[in-house]
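Residue numbers (UniProt numbering): 1 to 310.
This report refers to the structure that appears directly beneath it.
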Amino acid sequence: MTGAISELPTRPAHIADLWYAHNELLIMLGGASTIAMTVERESMSPWMYRLAPDLRAAIQLPSTTPTAETLLAGHVDLVFATPSLSGMESYRRTGIPTIGVEFHDTAGLLHCLDLTADVLGTPHALEVARNYRVYLDATEKTLAARLANVPEASRPRVLHILSLSPLKVDGSGTMIDEWIHLAGGRNAAGEIKGSKHPVSLEQVAAWNPDIIILGGMNGDAASLPSGPVWSELNAVKAGRVYRNPVGVFPWDRYGTEFALQLQWAASVIHPELFHDTDMEEITRAFYRRFFSYDLTQEEARRILAAQPPA
């Protein structure tokens with residue numbers, strides 16, 4: 001966090017959220033109606049708007065770096081933004097309370113969630129943050145117990161492909177790397193540090209992963225590569241190429257649906273150990289508990305299939 005607590009409004013009512021991932025945290029904590037300006041779009045995150053229709057009343061900013069004048073014109077009383085955002089100091093100089101938010105692992109996620117709940121200051125937000133911490137901890141312990149007898153060397157090598165065109169993968173030091181390991185896999189791209197790294201198809205062939213998980217925004221099967229290099233990959237030959245679910249935010253990226261991602265990934269990587277995992281019911285229960293939204297079975301199926309609302 002950046003900025004002093006004393007500078008913040010007691011109960012912010014007109015928030016500008018300039019980090020895509022953080023919008024989900026505000027919504028889960030019951031703060032959707034406080035978002036006055038956002039960088040999100042319904043076309044990009046349709047489930048976010050389905051679960052939080054109040055977001056449609058927010059001004060959609062054309063850039064992640066709006067001017068201080070734009071924020072003042074929107075009567076914003078608080079800004080959430082990534083610390084690297086170039087406009088942060090100008091916002092503060094103009095007198096707009098600004099908080100830097102960012103995380104790269106579960107510890108950072110939980111810290112950011114607690115901070116946001118404290119800033120919102122409502123009993124509901126504080127309770128949801130506490131409950132989520134308990135849920136995530138229980139989920140991680142359940143996975144660890146079932147995976148305890150699986151030696152590291154025999155765990156499948158998993159490659160997470162963020163995008164196919166251009167071809168980009170996620171390496172170590174990321175939340176993607178974290179969920180791969182917690183779900184019982186090894187990151188095939190672990191030698192690379194960080195996320196969104198461009199690579200060649202030949203490099204993917206050199207890694208030759210056992211499992212490929214495609215980012216949920218990659219489109220349908222028609223967008224998959226063709227040709228001998230791709231078709232000879234172990235994951236492709238074994239039929240172990242999966243498209244990641246997309247909900248309020250892409251489950252595989254940076255958000256609270258990380259807790260769902262762990263369970264889905266474990267069931268994909270080790271189906272023999274998690275054969276009783278009912279992701280449809282787990283998904284419905286999660287959104288009911290943390291987003292106060294009662295998904296239908298069809299809606300849960302669409303989220304798991306990375307499809308938008310019907």
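Backbone N, C-alpha and C fix where the C-beta goes; we use that ideal spot for every residue, glycine too.
Just verifying my parser: in three-state terms, what is the DSSP assignment at residue i?
| i | result |
| --- | --- |
| residue 198 | strand |
| residue 128 | helix |
| residue 104 | coil |
| residue 181 | helix |
| residue 96 | coil |
| residue 2 | Summary for residue 2: the model assigns pLDDT 41, below 50, so the residue's position carries little reliability; its value from the coordinates is reported in the next sentence. Residue 2 falls in the coil class under three-state DSSP. |
| residue 188 | coil |
| residue 134 | helix |
| residue 290 | helix |
| residue 57 | helix |
Could you tell me the alpha carbon to alpha carbon distance between residue i and residue j, rounded to whole angstroms?
| i | j | result |
| --- | --- | --- |
| residue 228 | residue 236 | 11 Å |
| residue 304 | residue 232 | 27 Å |
| residue 269 | residue 211 | 7 Å |
| residue 194 | residue 59 | 32 Å |
| residue 129 | residue 156 | 33 Å |
| residue 314 | residue 203 | Nothing about residue 314 can be read from this structure; the chain reaches only from 1 to 310. |
| residue 255 | residue 164 | 22 Å |
| residue 95 | residue 187 | 45 Å |
| residue 124 | residue 74 | 26 Å |
| residue 245 | residue 306 | 5 Å |
| residue 4 | residue 106 | A caution first: residue 4 carries a pLDDT of 37, below 50, which makes its placement in the model too unreliable to give a value. |
| residue 83 | residue 238 | 43 Å |
| residue 176 | residue 252 | 6 Å |
| residue 30 | residue 140 | 25 Å |
Just to confirm the assignment, what range does the beta strand (DSSP E) spanning residue i have?
| i | result |
| --- | --- |
| residue 193 | Premise fails: residue 193 is in no beta strand (DSSP E) and is neither H nor E. |
| residue 80 | 78-81 |
| residue 163 | 157-164 |
| residue 38 | 35-38 |
On the DSSP letters alone, give me the boundaries of the alpha helix (DSSP H) that residue i sits inside.
| i | result |
| --- | --- |
| residue 25 | 20-28 |
Can residue i be considered in contact with the ligand SAH, in the sense that its beta carbon sits closer than 7 Å to one or more heavy atoms?
| i | result |
| --- | --- |
| residue 276 | Ligands displayed in this structure: none; no statement on the ligand SAH is therefore possible. |
Give the C-beta separation of residue i and residue j to the nearest angstrom, bearing in mind that I take them to be a contact with Cβ-Cβ under 8 Å.
| i | j | result |
| --- | --- | --- |
| residue 180 | residue 158 | 5 Å |
| residue 120 | residue 291 | Not confirmed; about 15 Å, so no contact. |
Please confirm whether residue i has its beta-carbon closer than 8 Å to some beta-carbon of chain C.
| i | result |
| --- | --- |
| residue 42 | Considering every chain present, this structure includes no chain C. It has just one protein chain. |
Inset, instruction - Check whether the stretch 17-24 touches the stretch 39-57, taking contact to mean three or more Cβ pairs, one atom from each stretch, closer than 8 Å. - result: yes
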